[in-house]
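Peer 1: To start, I am sharing the structure in question, which I have written as structure tokens.
Chains as they are written, first to last, in the numbering used here: chain A, 1289 to 1399; chain B, 209 to 324.
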């Protein structure tokens, strides 16, 4: 079946540091890949997505590239801000017509 | 911006009681979903709903669970006889379409259910 593995948290960074959160997946066929973010006390919000191999999703300074050869969709940001503190979820939509999520990675950015 | 809303935000219930979790999806959306997240674990798919019937459901979604769209705006999840292990955050989501993965699912803020 489909599965998503993302790096264990928590991740703590200083403001303006570089962020990488690793995500790898297992799926049959050609899934679509997503990053969702959950700010404290709020629901899940779509951060970015990519629907085919080599696509790059980007939003709010975050980027992720769909790498079929390594089955990965790592999230990156060049310079994090305190306001980026949240839980980040990697997810895929596959041939079973449902979102499969990773466990989530808590990011804390200190000033 | 339109958003998915859920009520209540928190619910505490006794084991064996019935609970109904309510959601108001975005008005022009056609596909509706329930997910849950047990504390410290992954967000898990429960069920998807389209055209007044279940499209897909997971193995978690057994006979104790049911979903309904009782009117043109609400989408509900009922747990008939709650168990301790039903304690979780329950998320509702909706999307304009459902069969193609590129359609974004918009999530509500969740209902935290605690079964005692």
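Glycine included, each C-beta is placed from N, C-alpha and C at the ideal position.
So, with DSSP's three-state summary, where would you put residue 293 of chain B?
Peer 2: Here residue 293 of chain B refers to the residue found at position 85 when the second chain is read from its first residue. Looking at residue 293 of chain B - three-state DSSP - the assignment turns out to be helix.
Peer 1: Could you tell me which chain A residues have their CB closer than 8 Å to the CB of residue 284 of chain B, listed as they occur along the chain?
Peer 2: Start at 1 with the first residue of the second chain, and residue 284 of chain B comes out as number 76. Correct list: empty, because the minimum Cβ distance to chain A is about 17 Å.
Peer 1: Just to confirm, are residue 1361 of chain A and residue 1313 of chain A a CB contact at a threshold of 8 Å?
Peer 2: Numbered from its first residue, the first chain carries residue 1361 of chain A at position 73. Numbered from its first residue, the first chain carries residue 1313 of chain A at position 25. Contact: yes.
Peer 1: Between residue 1390 of chain A and chain B, is there a C-beta pair that is closer than 8 Å?
Peer 2: Position 102 of the first chain holds residue 1390 of chain A. True, the Cβ-Cβ gap to chain B drops below 8 Å.
Peer 1: So what does DSSP say about residue 1370 of chain A, is it helix, strand or coil?
Peer 2: What you label residue 1370 of chain A is simply residue 82 of the first chain in a count that begins at 1. Residue 1370 of chain A falls in the helix class under three-state DSSP.
Peer 1: With a cut-off of 8 Å, does the C-beta of residue 1334 of chain A fall near any C-beta of chain B?
Peer 2: Your numbering for residue 1334 of chain A matches position 46 in the first chain. Yes, contact with chain B.
Peer 1: How far does the beta strand (DSSP E) with residue 230 of chain B in it extend, from its first residue to its last?
Peer 2: Here residue 230 of chain B is taken as the residue at index 22 of the second chain, counted from 1. Residues 227 to 232.
Peer 1: Would you identify the three-state DSSP class for residue 1398 of chain A, choosing helix, strand or coil?
Peer 2: To locate residue 1398 of chain A, count along the first chain from 1; it is residue 110. Three-state DSSP puts residue 1398 of chain A in a strand.
Peer 1: Name the one or two DSSP bridge partners that residue 324 of chain B has.
Peer 2: Translated into positions along the second chain, residue 324 of chain B becomes position 116. In the DSSP output, where bridge partners are listed per residue, residue 324 of chain B has none listed.
Peer 1: Specify the secondary structure class of residue 288 of chain B as computed by DSSP and reduced to three states.
Peer 2: Counting from 1 along the second chain, the entry for residue 288 of chain B is found at position 80. Residue 288 of chain B: coil per DSSP, three-state reduction.
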